[in-house]
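Working notes, structure below.
Numbering (UniProt numbering), first residue to last: 1 to 185.
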């Protein structure tokens with residue numbers, strides 16, 4: 001029986017995109033965001049760069065999809081945790097769950113290892129998808145509060161407290177209230 005060919009299969013676009021994203025994630029995991037190019041992904045897949053562009057778009061589109069998939073996995077867990085919560089309690093739960101999930105994700109470790117001041121190329125901190133998820137964590141659309149939530153969460157992600165209970169207390173006492181300060185209920 002012939003082996004299934006992802007390029008010639010019946011649902012080529014879906015399979016091709018999945019393979020491109022998988023190869024891209026692997027490449028980024030091994031070499032970092034800055035080393036990622038469409039040509040490198042094409043070489044990994046033994047196809048032409050034109051195929052990668054046609055099936056998945058350019059570098060920015062692929063990286064945005066990787067960040068989106070990463071964020072969607074985290075947001076699913078956050079949604080469960082914040083159901084029925086509001087205000088500061090909602091934000092505290094969202095931050096704590098986000099930190100646990102981001103620290104557990106292989107791509108999360110890479111993202112954190114690649115972020116330095118003025119160095120993340122906006123792949124995460126300036127991503128409209130990440131801002132949208134931050135709005136959801138807050139429970140309303142407030143771009144400034146969303147940016148603050150992203151930065152507070154990233155700071156705690158970058159500099160975790162060794163004691164999880166102390167980190168929770170820090171989030172409960174300072175981070176959560178600072179995000180919700182000034183939000184109209």
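From the three backbone atoms N, C-alpha and C, an ideal C-beta is built for every residue, glycine too.
*Between the region 71 to 82 and the region 40 to 47, are three or more C-beta pairs nearer than 8 angstroms?*
no
_Span separating the alpha-carbon of residue 66 from that of residue 37_ = By one-based count along the chain shown, residue 66 stands at place 66. By one-based count along the chain shown, residue 37 stands at place 37. Cα to Cα, the separation comes out at about 14 angstroms.
*To which residues of the same chain is residue 1 closer than 8 angstroms at the C-beta, ignoring the five residues directly before and after it?*
Along the chain shown, read from residue 1 onward, the residue named residue 1 stands at position 1. Because the pLDDT of residue 1 is 47, which lies under 50, any placement of that residue in the model is unreliable, and the number read from its coordinates should be weighed accordingly. For residue 1, where only same-chain residues beyond five positions count, there are no Cβ hits under 8 angstroms.
*So what's residue 58 in DSSP terms, helix, strand or just coil?*
In the chain shown, counting from the first residue as 1, residue 58 sits at position 58. DSSP places residue 58 in coil when its eight states are reduced to three.
*Same chain, Cβ closer than 6 angstroms to residue 28, neighbours up to 5 away in sequence not counted*: Position 28 of the chain shown, counted from the start, is the residue given in the question as residue 28. Cβ within range, chain order: 36.
*Throw me the rounded Cβ distance for the residue 112 and residue 148 pair, which I believe falls under 8 angstroms.*
As a working mapping, residue 112 is identified with position 112 in the chain shown. As a working mapping, residue 148 is identified with position 148 in the chain shown. So it is not a contact: roughly 19 angstroms between Cβ atoms.
*Under the three-state reduction of DSSP, which class applies to residue 101: helix, strand or coil?*
The residue given as residue 101 occupies position 101 in the chain shown. DSSP places residue 101 in helix when its eight states are reduced to three.
_residue 135: first and last residue of the uninterrupted alpha helix (DSSP H) it sits in_ = Taking the chain shown and counting its residues from 1, the one referred to as residue 135 is at position 135. Residues 128 to 138.
*Proximity below 8 angstroms, CB of residue 42 to CB of residue 51*: By 1-based counting over the chain shown, the position of residue 42 is 42. By 1-based counting over the chain shown, the position of residue 51 is 51. A contact, by the Cβ cut-off of 8 angstroms.
_Span of the alpha helix (DSSP H) around residue 154_ = Locating residue 154 in the chain shown gives position 154, where the first residue counts as 1. Residues 143 to 158.
*Mind the definition here: the region 94 to 108 touches the region 55 to 71 only if three or more C-beta pairs lie below 8 angstroms; say whether that holds.*
yes
*Give the DSSP-derived three-state secondary structure of residue 162 in the structure shown.*
In the chain shown, the residue the question calls residue 162 occupies position 162. Here residue 162 sits in coil by DSSP.
*May I have the straight-line CA-CA distance separating residue 109 from residue 139, to the nearest angstrom?*
Locating residue 109 in the chain shown gives position 109, counting from the first residue. Locating residue 139 in the chain shown gives position 139, counting from the first residue. Distance between the alpha carbons of residue 109 and residue 139: 27 angstroms.
*Please go through the same chain and pick out, in chain order, the residues whose beta-carbon is closer than 8 angstroms to the beta-carbon of residue 129, but skip the five residues on each side of it.*
Taking the first residue of the chain shown as position 1, residue 129 is located at position 129. Residues 64, 67, 68 and 71 of the same chain have their beta carbon placed closer than 8 angstroms to that of residue 129, with the five preceding and five following residues left out of the count.
*Let me know if residue 32 comes out buried or exposed under the rule of 16 or more other beta-carbons within 10 Å of its beta-carbon.*
Indexing the chain shown from 1 puts residue 32 at position 32. The residue is exposed, with fewer than 16 neighbouring Cβ atoms inside 10 Å.
*asked:* Please return the same chain residues whose Cβ sits closer than 6 angstroms to the Cβ of residue 97, not counting the five positions on each side in sequence.
replied: Translated into the one-based positions of the chain shown, residue 97 becomes position 97. For residue 97, where only same-chain residues beyond five positions count, the Cβ hits under 6 angstroms are 77, 78 and 81.
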